[in-house]
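S.K.:
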Amino acid sequence: MGSLETGLSLKRDQSRIEKHPFGQKPRSRFMKFVLFKKIGYVQWVCTVAVFFFFVVIFQMFLPGSVMEKSENSWKGREVDSGDSMVWKEFGGLDFGEGVKFEPLNLLGKFRKESREVNLSSVARSGVGFGYRKPQLALVFADLLFDPQQILMATVAVAFREIGYQITAKTVDDCPCFWALGMKSFDRLIATLSNLVNHLIGTSYAVYSLEDGPVIAVWKNIGVPVTLIKTREKKDVVVDWLNYDGIIVSSIEAREVFSSTPEIVWQFLLPHEVNNFTPHSLLQEPFKSVPVIWTIHEKTLGFRLRQYVSSGQVELVNDWKKFINRATVVVFPSYALPMLYSECDSGNYYVIPGSPVEAWEADHFKVTDKDYLRVKMDYGPDDFVIVVVGSQFLYRGLWLEHAFVLKALLPLIEDLSSNHPSSLLKIILFSGGLTSNYSVAVEAIAQNLRYPKNTVRHFAGTEDAKAVLSVADLVIYGSFLEEQAFPDILIKAMCFGKPIIAPDISMIRKYVDDRVNGYLFPKGNLKVLTQILLQVVSQGKLSPLACNIASIGEHTAKNLMVSETVEGYASLVEYILKLPSEAVPSKAVSEIPRKLKEEWQWQLFESILDSANLNRSSKSQKFLEEIEKQWNGTRTESSGAVTATNETFVYSIWEEEKNIEMASARKRREEEELKDRTDQPRGTWEDVYRSAKRADRYKNDLHERDDGELERSGQPLCIYEPYFGEGTWPFLHRTSLYRGLGLSTKGRRPRTDDIDAPSRLPLLNNPYYRDALVEYGAFFAIANRVDRIHKNAWIGFQSWRATARKESLSKTAETALVDAIQSQRHGDTLYFWIRMDTDPRNPLQQDFWTFCDAINAGRCKFAFSEALKKMYGINHNWTSLPPMPIDGDTWSVMHSWVLPTRSFLEFVMFSRMFVDALDTQFYDDNQSGHCCLSLYKDKHCYSRLLELLINVWAYHSARKMVYVNPDTGLMREHHKLKNRRGQMWVKWFSYATVKSMDEDLAEELDSDHPQKRRLWPSTGEVFWQGMYEKERTQRNRDKEKRKKQSKDKISRIRSRHHQKTIGKYVKPLPEAVEVSNSTVVVARLLR
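Sequential numbering from 13 applies to the sequence shown in our numbering.
1) Look at D765 and G788 and say whether their C-beta atoms are less than 8 angstroms apart.
2) Nearest chain E C-beta to R781 closer than 8 angstroms, yes or no?
3) Which residue spans inside the region 487 to 558 form an unbroken alpha helix (DSSP H) run of at least 4?
4) Check each candidate in S597, L946, C506, E825 and name the one with the smallest Cα separation from L981.
5) Among the candidates A868, Q614, L411, whose CA atom is the shortest distance from the CA of I162?
6) According to DSSP, is W908 part of a helix, a strand, or is it coil?
7) On a CA-only basis, which of H801, P432, F395, P159 is nearest G365? Give me that one, please.
8) What residue from K418, M572, E609, F634 has the CA that sits closest to L540's CA?
9) By Cβ distance, which residues of its chain are closer than 7 angstroms to F634, with the 5 residues on each side in sequence left out?
10) Which residues in the same chain as W805 place their Cβ atom closer than 8 angstroms to its Cβ, once the five residues preceding and following it in sequence are excluded?
11) Between the C-alpha atoms of E1015 and I800, what's the straight-line distance to the nearest angstrom?
12) In the DSSP assignment, find the alpha helix (DSSP H) that holds L1099 and state where it starts and stops.
13) Tell me, which residues are paired with I240 by DSSP?
14) Hey, quick one: how far does the alpha helix (DSSP H) through G753 stretch, first residue to last?
15) With a threshold of 6 angstroms on Cβ separation, who are the neighbours of I512 within its own chain once the five nearest residues in sequence on each side are excluded?
16) So for K822, helix, strand or coil by DSSP?
17) Give me the Cα-Cα distance between S554 and P432, rounded to the nearest whole angstrom.
18) Check whether the region 503 to 518 and the region 546 to 565 touch, using three or more Cβ-Cβ pairs below 8 angstroms as the test.
19) Apart from the five residues on each side of it in sequence, which residues of its chain come closer than 7 angstroms, Cβ to Cβ, to R870?
20) Between W406 and A496, what straight-line distance do the alpha-carbon atoms span, to the nearest angstrom?
21) Sorted by chain position, which residues of the same chain lie with C-beta nearer than 7 angstroms to K299's C-beta, five sequence neighbours on each side aside?
22) According to DSSP, what are the bridge partners of Y731?
23) Whole angstroms are fine: how far does the CA of Y346 sit from the CA of K7?
24) Which residue's Cα is closest to the Cα of D6: L384, F113, N117, Y143?
25) Applying the 10 Å Cβ sphere with the 16-neighbour rule, what's the burial state of F925?
26) For D850, collect the residues of the same chain with a Cβ closer than 7 angstroms to its Cβ; drop the 5 residues on either side in sequence, then sort them by chain order.
27) Could you check whether A504 and V400 sit closer than 8 angstroms to each other, using their CB atoms as the reference points?
28) Is the beta carbon of P591 less than 8 angstroms from the beta carbon of I866?
29) Grab me the residues of F470's own chain with a C-beta within less than 6 angstroms of its C-beta, minus the 5 sequence neighbours each way, in chain order.
30) Let me check you understand the geometry: is the CB of E917 closer than 7 angstroms to at least one non-hydrogen atom of the ligand ZN?
31) Quick check on this structure: which residue in A815, R759, K569 has the alpha carbon closest to the alpha carbon of N254?
32) In chain order, what residues of the same chain have a beta carbon less than 6 angstroms from the beta carbon of L312, not counting five sequence neighbours either side?
33) Determine the direct distance from the alpha carbon of Q324 to that of E610, and round the result to whole angstroms.
34) What is the DSSP secondary structure of G993, reduced to helix, strand or coil?
35) Comparing C-alpha positions only, which one of F1000, S549, Q809, V341 sits nearest to H906?
36) What residue from R1024, V829, W740 has the CA that sits closest to A928's CA?
Structure (structure tokens):
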């Protein structure tokens, strides 16, 4: 960053300079030694080699993020004194090379996405729907009082002013606590008014793993709090898709990332699968939720280096998996990314500023200062000066310490002559150096003729708070250009110590000379010495210095609040991809100034006197528990491997024995059948018919579980489509429900869930699996439905309905089944999640307005274009099926029940509609820009298709009955008698849809079009002409076989036969000689 070109010289004779009028440099003792003493060539080579060796080692330990040298070098600031001459003699030596952290990957990503958003906003100018606040979740490891809670509360309060709504979550072994936000109707009306006027912000939720006193603070702010872990009942599962973004605080909250190993699921009993709760930010479908993980602990950074050195690569990879999942990892200091460089994947970001220094200073002030002085061998009258510096290591550090010690020499002379009772004590505190550096400090002090035991070096392992508490004056002796205000200076100011620092840019930004601190030109020894003599008066701090220290303490308590608040606000604005129904937050510049001037200390006044929390020791215990788990797992796995090997050897022997026995049996059967003739198998038609019959009944040969047997006797089966392990806790396991996995990899173990991709190969394509979502499940069930579904009624329920506590209760399930069995409503669509209570529709908009709001204002256009394509209508047609505003509501979230016959009719209509929609917008979606969203969205069609069931049911004259999911009470909506004259019955009738389906099948069967079509891949392709074609083909094949048989017979009959030469008479068998008499008789007969 910075280099030192101006400096201070040692005492030199000015007369020597005059002897060189032509600008020649006077040679120092070092240069004379180099030029005139005889030094061997080998010595020079060894010296240079050692120097470059240490340079290479230093470069190797730089962090993996971007490190750049600053070109700011103070070239324009030359101090007119003899001090600069000596530094120029050292040539390459300076006060340190600049080290700069730049998150280039993140910044480039932010710029690219910003350009895309701007292009999208320009292309869709005028499209704006603000029906709900953006949702944010804050996740804590606990709710104990610590600086991170103060920081997050400050950020949350500021966020609410620009339009964010927060929810708090915590994981704990305590009873679950829910704090609901709006407590009165007036507050609700005010909020709705703000919504209309586009003056609202983001909604928040707080989650925590442990309870604590800070829960009262969040309640007072008005943020709902949830404890994820409880003793009294199973863990609370969270649908993270409800939130536009998540902010996770502390490494101890990593449990929300934790994924359950697959081996664990294999050993769970069937009734235990739903009771076992995975925290699933690493699992589908929650992988796409933006996550900001704030890490402020140093303990894990040190442990990661220990893991690497000790060969515990598994632990490093485990942490790397969690850190890589976060969209952005935020550190409060530029040194922390270096500690965590082992896990750097380009998602590190620094937002400087934290109340931790002020918080630690407040809790440390209760310690007896005199006791610490005695412990460090200092007297009560000693004047202690602590010299601190940068937290980075660089080659000019020893030079800076020598500079400061040189400037302090006149102060020793002043104290010894005027106040002999006050002894000057100097502590060089370097946070990154080891105790070996003490030898170098002693050598520097000895060369400068300091009295013995005056200068001491404290290594980085010492407690900085204890060192600063005994100090009377603190000097910042580093001239390295920093990216943020040094933490050690903030801590010193919070302890009420006057500070003296060089006027580098970052320090000059917050410290006003002789107001809240002292500044001196970098490299000017004389100015530093003058300041020291002014600060120390009669062996003590001067009254002016005490006043400056008091002002500095107040400044440091709320230092860099603005940078922190604006940094988090800008970061959240960058990473959140808000849907079209959400209200964009206000600009960062609109945050009230008073919220950026100080931390929210007043919110924690009631718990400031609580017991001090040692966060470092708590983090150490947390990491030790993880290490124990890993070590225990490795031990168990090693023992299991031994037992497995023995079992494996025995199994190989047994398998080989069975193979030999089977081979011997097969050889014996082949020998017995070798001389037998082939048995007749019947005609080819019989073989074909038998094969088809076996294929038809092959699915009924498997052993059925209890759930499937119970389900076969019920009139209704409700399917729950899901994708990923994260949805498992929300799925039911009763006989009324059956899971429907959209991916083969994420299916539940030990269940009879249906594998949708095996029934519909289209779902193996990730693009259509994500774009269609539940409709992919509809098409998979409808494809040869009689092989998988044998119930009279069929239903579907989204797993997100269970997450929202809107799934059917036992009472509602019984009422629904009774209504179906009694045929109370006939051919009816039953639904239980209402559009007017959907969180996306707080203003209860009408059908088409709501559809436009969740589809970036293009729902009507897309629906109209799809209908025109589907029915082949003129391009000038702009009408839409009317969906009247009659006080009733509509169905959302794919939670409904239909007769199976009506469901197949709906699927027939849906297949053609989806094909028309995909044909219209497929090319746009392939470019990465969803036509129904403001951003790139892989679930492009899902929000429009979510409402399609309402259009079909209304205009196909189906009854629509709402079922209360709690009580089971039913009420018909949009009654048929009120629909007359508004329904498009001809468009949605079965005859029309069936004829269109057959036309598509006939076109596909006859023409074999080359153009890409989605319709054939979504189900069966059938029309009446296929039966005739098959019958004709069978008759043609039969006639062909008959002709071949007749030709064969005629060829045999017409074949030329050779006449016989003569008649063949078989001779009699010769007599067997039994005795001599028999031979004689035979001869006589001849």
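C-beta atoms are modelled at their ideal positions from N, C-alpha and C, and glycine is treated no differently.
M.R.: So, from the data block:
1) In the sequence shown, the residue the question calls residue 765 occupies position 753. In the sequence shown, the residue the question calls residue 788 occupies position 776. Not in contact: D765 and G788 (Cβ atoms no closer than 8 angstroms).
2) Although the question refers to chain E, the structure presented lacks it and comprises just one protein chain.
3) 499 to 506, 517 to 522, 537 to 547
4) By 1-based counting over the sequence shown, the position of residue 981 is 969. Comparing Cα-Cα distances from L981 to each of S597, L946, C506, E825, the minimum goes to E825.
5) Position 150 of the sequence shown, counting from 1, holds the residue named residue 162. Among A868, Q614, L411, the Cα nearest to that of I162 is on Q614.
6) Translated into the one-based positions of the sequence shown, residue 908 becomes position 896. DSSP places W908 in strand when its eight states are reduced to three.
7) Walking along the sequence shown from the start, residue 365 turns up at place 353. The shortest C-alpha separation from G365 is found at P159.
8) Translated into positions along the sequence shown, residue 540 becomes position 528. It is K418 whose Cα lies nearest to the Cα of L540.
9) Along the sequence shown, read from residue 1 onward, the residue named residue 634 stands at position 622. Here the set comprises E264.
10) Here residue 805 refers to the residue found at position 793 when the sequence shown is read from its first residue. Closer than 8 angstroms at the Cβ level, and outside the excluded window around W805, lie P727, L728, C729, I832, V909, L910, P911, T912.
11) On the sequence shown, residue 1015 is found 1003 positions in, with the first residue counted as 1. On the sequence shown, residue 800 is found 788 positions in, with the first residue counted as 1. Distance between the alpha carbons of E1015 and I800: 29 angstroms.
12) The structure shown has nothing for residue 1099, since the chain only spans 13 to 1098.
13) Here the question's residue 240 lines up with position 228 in the sequence shown. DSSP output for I240 lists no bridge partner at all.
14) Here residue 753 refers to the residue found at position 741 of the sequence shown. Premise fails: G753 lies in the beta strand (DSSP E), 749 to 753, not in any alpha helix (DSSP H).
15) Residue 512 sits at position 500 when you count from the first residue of the sequence shown. The residues are I487, Y530, I543.
16) Sequence index remark: in the sequence shown, residue 822 carries index 810 (1-based). The answer is helix: DSSP assigns K822 an H, G or I state.
17) The sequence position of residue 554 within the sequence shown is 542, counting from 1. The sequence position of residue 432 within the sequence shown is 420, counting from 1. Each residue's alpha carbon lies about 18 angstroms from the other.
18) yes
19) Your numbering for residue 870 matches position 858 in the sequence shown. Excluding positions up to five away in sequence, the list reads C943, L944.
20) Numbered from its first residue, the sequence shown carries residue 406 at position 394. Numbered from its first residue, the sequence shown carries residue 496 at position 484. The sequence given here has Tyr at residue 406, not Trp. The straight-line gap from Cα to Cα measures roughly 17 angstroms.
21) Indexing the sequence shown from 1 puts residue 299 at position 287. Around K299: no qualifying Cβ.
22) Taking the first residue of the sequence shown as 1, we reach residue 731 at position 719. For Y731, which the question treats as bridged, DSSP gives the partners R750, F808.
23) With the chain represented from 13 up to 1098, any question about residue 7 goes unanswered, as that position is not in the structure.
24) Here the chain comprises residues numbered 13 to 1098, so residue 6 is not present and cannot be evaluated.
25) Your numbering for residue 925 matches position 913 in the sequence shown. Buried, by the Cβ-count rule.
26) For the purposes of this step, residue 850 is taken as residue 838 along the sequence shown, with counting starting at 1. Here the set comprises V904.
27) Here the question's residue 400 lines up with position 388 in the sequence shown. Here the question's residue 504 lines up with position 492 in the sequence shown. Yes.
28) Here the question's residue 591 lines up with position 579 in the sequence shown. Here the question's residue 866 lines up with position 854 in the sequence shown. Yes, the pair counts as a contact, with Cβ atoms nearer than the cut-off.
29) Taking the sequence shown and counting its residues from 1, the one referred to as residue 470 is at position 458. For F470, where only same-chain residues beyond five positions count, the Cβ hits under 6 angstroms are I439, F441, V479.
30) With respect to the ligand ZN, the structure offers nothing, as it holds no ligand at all.
31) Position 242 of the sequence shown, counted from the first residue, corresponds to residue 254. Cα-wise, what sits closest to N254 is A815.
32) Here residue 312 corresponds to residue number 300 of the sequence shown, with the count starting at 1. Once the five neighbours on either side are set aside, the close Cβ partners of L312 are I263.
33) The residue labelled residue 610 in the question sits at position 598 within the sequence shown. The residue labelled residue 324 in the question sits at position 312 within the sequence shown. Put simply, the backbone Cα of E610 is about 43 angstroms away from that of Q324.
34) Locating residue 993 in the sequence shown gives position 981, counting from the first residue. In the structure shown, G993 sits in coil (DSSP, three-state: anything other than H, G, I, E or B).
35) Working through the sequence shown from its first residue, we reach residue 906 at position 894. Nearest C-alpha to H906: Q809.
36) Locating residue 928 in the sequence shown gives position 916, where the first residue counts as 1. The candidate whose alpha carbon is nearest that of A928 is R1024.
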